[in-house]
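Numbered according to numbering that gives the first Met the number 0, the sequence shown spans residues 0 to 223. Structure first, then comments.
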Amino acid sequence: MMNKLIVFLFAFSTLLYSCGDVEVESLTDDDIQDLVEAEVVAIAEAVVESGALAESVSQFCGNNGDSTINYSSPNGNFESATSWAYEILCINNIPTQIDYGLTSTNSYDGSNVDVSCNGIGDFLLENLISNLDYKLGGTYTSSASASTIGRRNSLSYTSTSVYTLQSLEFDRTTFEIQGGTATFKVNGTVNNGAPIDRGGTLEFNGDDTATLTLDNGAVYLISF
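Following this line, the structure appears as C-alpha cells:
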C-alpha cells in the first residue's frame, strides 16, 4: 500500500511540474512584421495629410488651427479618422516649420492580421518654403487591438508601439516618402498571457516600401 501511495504522489507531482513548464504561444517574427506593416500604413497616411495641410494653410508666423481628415484606401483595407492641430513656426520672421499634433483612429484588414488602433503623433515638418522635399520627424504612438489570421490558430493581443521618425523626406507634390529611417518598440500581451517585447528599425526606400529589421536580425520588406 505504501509503495502505491509513493508512486501516485510521484506521478502527481510530475504532472504538476509538467503543466507549470508549458510554454504559451507568443507572436512570431511574421506576426510582428504584420503589425508593423499595418501601423506604417497609418504613419504613411499621416505623412500625406501633413503635406496636404502644409499646402492648404496660411503660412504666416504663429498661425495655428485644427483640421479633421477622414480617409479610406482604394482597396478598402485601411480607414482612418485623424484630428490635427498645427502651428506655423518662424525663424527670423520667415515661416520655416509646422508643429503638428494628431490623434487618430485606424482600422486595417490584412491577409494575416486585423488591427484596430488609436494613434497619437507629435511631428515637426521642415522645409516649409523651400524647393526641397519636405522633412518630417517626431514620434508616433499606436495603441492596438489585433488578431492574427490565416497562418495558424488565431491569437488576439493588445500592444503599444512607439515609433521615432528621423527626418522622413517626402515629395512636395505627391507627398510620397522618398527616404528616411525610424526606430520602434512594441510591448503588449497576447490573450493567452504571453508577453510581447520587440523592437527594430525601418528604412524607407522611396517606392512605397520600407525595409524592416527586427531586433533579432530578421529582415522583411513591407509595403504601404
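Every residue, glycine too, gets a C-beta built ideally from N, C-alpha and C. Keep in mind the model is a prediction, meaning the values are calculated, not measured.
- Taking C-beta separations shorter than 8 Å and ignoring five residues to either side along the sequence, the partners of V46 in its chain run L135, L167, F169, F174, I176, following chain order.
- 8 Å or more divides the Cβ of A193 from the Cβ of E38.
- Listed as beta-bridge partners of C116 by DSSP are N105, A143.
- Here S155 is exposed, its C-beta having fewer than 16 other C-beta atoms within 10 Å.
- Per DSSP, E44 is not a residue of any beta strand (DSSP E); the alpha helix (DSSP H) it occupies stretches across 28-55.
- Annotated three-state conformation of V23 is coil, per DSSP.
- By alpha-carbon distance to I90, the top candidate from G61, D196, L213, I195 is G61.
- With contacts defined as CB atoms closer than 8 Å, N105 and S142 fail to qualify as a contacting pair.
- Excluding its 5 nearest sequence neighbours in each direction, Y219 has C-beta neighbours in its own chain below 6 Å: Q32, L211, listed in chain order.
- Sorting P73, D206, T147, T200 by C-alpha distance to the C-alpha of G216 places T200 at the top.
- Assigned with DSSP and collapsed to three states, C89 falls in strand.
- For N63, the enclosing beta strand (DSSP E) begins and ends at 63-71.
- Secondary structure note for T200: its beta strand (DSSP E) is the uninterrupted segment 194-203.
- Under the DSSP definition of a beta bridge, G100 partners with A84, D121.
- G120 and A181 have their C-alpha atoms roughly 14 Å apart.
- Closest option to F203, judged by alpha-carbon separation, among W83, I68, Y99, I221: I221.
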